[in-house]
Amino acid sequence: MKRETLNVKRHNARSERRGILLLAAALCLFASPALAQTALSPPRDVRAFDTPSDGGGSLTVLWSPAPYDSAAVRYQILLSEGPTVADPATMKVVAEFPSNQRYVRESKWPWWTRPTTGDQHQFTLRNGRGVELKNGNVYSITVAAVLNDDRVIATPVQATPQPNWLNWNQMNNLLLALLFGGIVFYAISTARKREIFLRRIPGLDAVDEAIGRATELGKPILYLTGAHDMSDPSTIAAAVILGRVAKRTAAYGTDLLVPHRDPITMAVCQEITKQAYLEAGKPDLYKDDSNFFITSDQFSYTAAVDGIMLRKKPAANFFMGHYFAEALLLTETGASTGAIQIAGTDSDHQLPFFVTTCDYTLIGEELYAASAYLSREPVQVGTLRGQDIGKALILGVLGIGTALATLGVMLDAQWPQLFLDFFKDVK
Amino acid sequence: MIFLRRQVPLLITLITGLAMAAQYYVPHPASEQMLTSVTKWLQIIGGFALVLGVSSLFHVHATKIRRKEAGWGYSFVLYVGMLGTIAVGLWSNGKEAIDGTMTAFGWIYNFMMVPLQGTMFAILAFFIASAAYRSFRARSREAAVLLIAAVIVMMGRVPLGEYLIPLSGDLSQWILNVLNASVRRAILIGVSLGTVALSIKIIFGMERSYLGGGKE
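Protein sequence lines correspond, in order, to chains A and B. Taken in order, the first sequence gives residues 291 to 717; the numbers are from the numbering used here. Taken in order, the second sequence gives residues 29 to 244; the numbers are from the numbering used here.
Here you go:
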């Protein structure tokens, strides 16, 4: 009886152990779905093609997501030269990453150039790091899925890298530039028909005052065109304003000093100044030496100009164009001599220094508006109106975008994101 | 003559302006090659222009010395410095060091030029202090706002300031990231549109004053 009871107990204990093991195994399987579906299958729908809108030397490969995509399973990109591959396993591994990464939606392609839907995998292979893709050569490329020692490889596909003549990813930029250009031309034609109001720019109204003061005191005017060369729009704007200032100094018979950091800018400014004196009817007052070169070195130039300020004590200092660390060194020295100072710069980092030390500052775009403001020519004024329309458009998009983003958060809705993505890509 | 002085430069500006604008949208190596070539041309032209600049410098200071104008001694120092450096540079073959030994040219650069540049840059600290003192005197409402914002930002950027006023760290970040960044972006948008508009005017010949004024 006792032996029977013992046997039954042993049998029950064995059954319990077996049940626990089965339960544990089942729990393990449910707890790790990735491992539960470890039957790796070769990546599906593998496509490879020349990366569009680039300078060549690049291929893009796309494939469908798989049920086993997880951090544990990894994808490998395999590459070999030539149209045929005897054994895909011998192909060179050129990239490896977790299988839950590299989706089309994470790429930098805007929506109008995306080759497929956002849920597909993508990898762009470029020259470098052991990869050399030659334009015009055929390459075999494929994707492998790897888990521990298991590796399954899709059938290789062929692609040829080629350089492209047009970057379709930047078409938004081109369209916006054309749109803005169209607006500017429209505004110019409108300005030719009727007068357009220009708001006051105190810094430019003060130009006459500054020149008048210098004339009364019998002191020269110092005009700087900034740190950049003639390829920079701010230097061109500074040179254009110099023409207007030179015309006034010619009319008043005031001395003009224009020290330069760039010889080409100096040559251009000499021509502008000469023309201004001619137009003012005072060609005899023009001096070739009014525009002179000092040095291209930042602080040597600053020291020289500071010296001119302290020795010649100009009654008015103009700081137009782009500036770096020398901005405060120049303007603070000028302020210490008691000169009236007018600055105009698109260098946002130096603006606080100019605002602090100068009597008037043309902030950012006002530097570019100066030419229109001083000349009042329809073409110039129309361009300003075009800029204002452009700003209004940008402001409108910013307002709509802010409202949509706020709505999306408040309503916990996804649809505003579609519009936001549209704006993000179009910008 | 007018054709050479006006029409030809405008034509060159139009063609090169459009070509360089188009280059931005063409990723082909030929386009990159063109950009590289143009950059090299610019460097070559810059090299020739330097002769123009240096001759202007010599001329201006020679006139000052000849006429014994006020401060002509500085012009004399400039002549000595420039000719001396050129002579030493030629003597040293333009090298700062030969076989690990510093040349006279290297000595001039390292022990005269670099310290002088450093001195000029260091003066900036004193100028910032004097400019800040002048502008932070709360004479107007705007200056008072500037003063308060500056004090908060300064306190929030140093550990001691944040220790004394714990809120200053977050507040300074907010001032920098929200108020300051938004204003900077607004300025940059204006500058960008201004740049594009000016470029359009120059490319299409509507802005010609950079050629020497005139409307013909």
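Backbone N, C-alpha and C fix where the C-beta goes; we use that ideal spot for every residue, glycine too. These figures come from a predicted structure and were not determined experimentally.
Same chain, Cβ closer than 8 Å to residue 421/A, five either side skipped, listed in chain order: Once the five neighbours on either side are set aside, the close Cβ partners of residue 421/A are 369, 384, 415.
Residue 325/A - DSSP class collapsed to helix/strand/coil: Reliability fails at residue 325/A, whose pLDDT of 47 lies under 50, so the model's placement of it is uncertain and the value that follows must be treated cautiously. Looking at residue 325/A - three-state DSSP - the assignment turns out to be helix.
Paired residues, beta bridge with residue 411/A - DSSP: The secondary-structure analysis by DSSP pairs residue 411/A across a beta bridge with 353/A, 393/A.
Minimum Cβ-Cβ distance from residue 593/A to chain B less than 9 Å: yes
Beta-carbon spacing of residue 501/A, residue 555/A below 9 Å: no
Proximity to residue 626/A [Cα-Cα], best of 651/A, 598/A, 641/A, 675/A: Closest in alpha carbon position to residue 626/A, among 651/A, 598/A, 641/A, 675/A, is 598/A.
Residues that residue 470/A contacts on chain B, provided the C-beta gap is smaller than 9 Å: 221, 224, 225, 228
Exposure of residue 231/B, with buried meaning 16 or more beta-carbon neighbours within 10 Å: buried
Neighbourhood of residue 695/A by C-beta, 7 Å cutoff - its chain only, sequence neighbours within 5 removed: 706, 710
Contacts of residue 212/B in chain A (Cβ-Cβ under 8 Å): By Cβ distance, chain A contributes 638.
Below-9 Å beta-carbon distance, residue 520/A vs any chain B residue: yes
Short CB-CB distance (under 9 Å) between residue 454/A and chain B: yes
Test item: CB-CB of residue 427/A and residue 407/A under 9 Å: Judged by beta-carbon spacing, residue 407/A lies beyond the 9 Å limit of residue 427/A, meaning their Cβ atoms are not closer than that value.
CB-CB length for residue 484/A against residue 517/A, believed under 8 Å: Actually they are not in contact, since the Cβ atoms of residue 484/A and residue 517/A sit about 40 Å apart, beyond 8 Å.
Proximal chain A residues relative to residue 60/B, where beta-carbon distance stays under 8 Å: Within chain A, 345 have C-beta atoms less than 8 Å from the C-beta of residue 60/B, given in sequence order.
Reduced DSSP category for residue 434/A - H, G, I as helix; E, B as strand; rest coil: strand
Length-filtered (4 minimum) alpha helix (DSSP H) runs lying within the segment 614-673 of chain A: Whole alpha helix (DSSP H) segments, 4+ residues: 616-626, 641-647, 655-665.
Interface flag, residue 201/B vs chain A, CB-CB below 9 Å: no
is_contact[residue 162/B, chain A] using C-beta, thresh 9 Å: Closer than 9 Å: yes.
Among 652/A, 638/A, 618/A, nearest to residue 160/B - alpha-carbon criterion: With distances taken between Cα atoms, residue 160/B lies closest to 618/A.
Three-pair Cβ contact test at 8 Å for the segment 69-76 of chain B versus the segment 457-470 of chain A: no
Own chain, CB closer than 6 Å to residue 624/A, minus 5 neighbours either side, in chain order: Closer than 6 Å at the Cβ level, and outside the excluded window around residue 624/A, lie 599, 607, 631.
9 Å Cβ cutoff, residue 118/B in contact with chain A: no
C-beta atoms of residue 452/A and residue 53/B nearer than 9 Å: No; because the gap between Cβ atoms is not below 9 Å, this pair is not in contact.
Under 7 Å from the C-beta of residue 493/A: neighbouring residues of chain B: By Cβ distance, chain B contributes nothing, its closest Cβ being about 15 Å from residue 493/A, past 7 Å.
C-alpha distance - residue 679/A paired with residue 221/B, whole-angstrom precision: 10 Å
Under 9 Å from the C-beta of residue 579/A: neighbouring residues of chain B: 84, 87, 88, 91
Coil, strand or helix - residue 318/A by DSSP: In this predicted model, residue 318/A has a pLDDT of only 45, less than 50, meaning its place in the structure is not dependable enough to derive any value.
Under 7 Å (Cβ pairs) to chain D, residues found in the segment 537-556 of chain A: The chain inventory of the structure shown lacks chain D, comprising the protein chains A and B.
Under 8 Å by beta carbon: chain A residues contacting residue 54/B: 455, 456, 457
Span of the alpha helix (DSSP H) around residue 203/B: Counting along the chain, residue 203/B falls outside any alpha helix (DSSP H), and DSSP gives it neither H nor E.
At least three beta-carbon pairs within less than 8 Å, the segment 182-197 of chain B to the segment 651-664 of chain A: no
Cβ contact (3+ pairs, closer than 8 Å) linking the segment 499-513 of chain A and the segment 668-682 of chain A: Because the criterion of three Cβ pairs below 8 Å is not met, the segment 499-513 of chain A and the segment 668-682 of chain A do not touch.
Close beta carbons around residue 345/A, own chain, < 8 Å, minus the five adjacent residues each side: 453, 454
Cβ-Cβ separation, residue 352/A to residue 440/A (assumed contact under 8 Å), whole Å: Not quite, the Cβ-Cβ distance comes to about 23 Å (not below 8 Å), so this is no contact.
Own chain partners of residue 101/B with C-beta closer than 7 Å, once the 5 adjacent residues on each side are dropped: none
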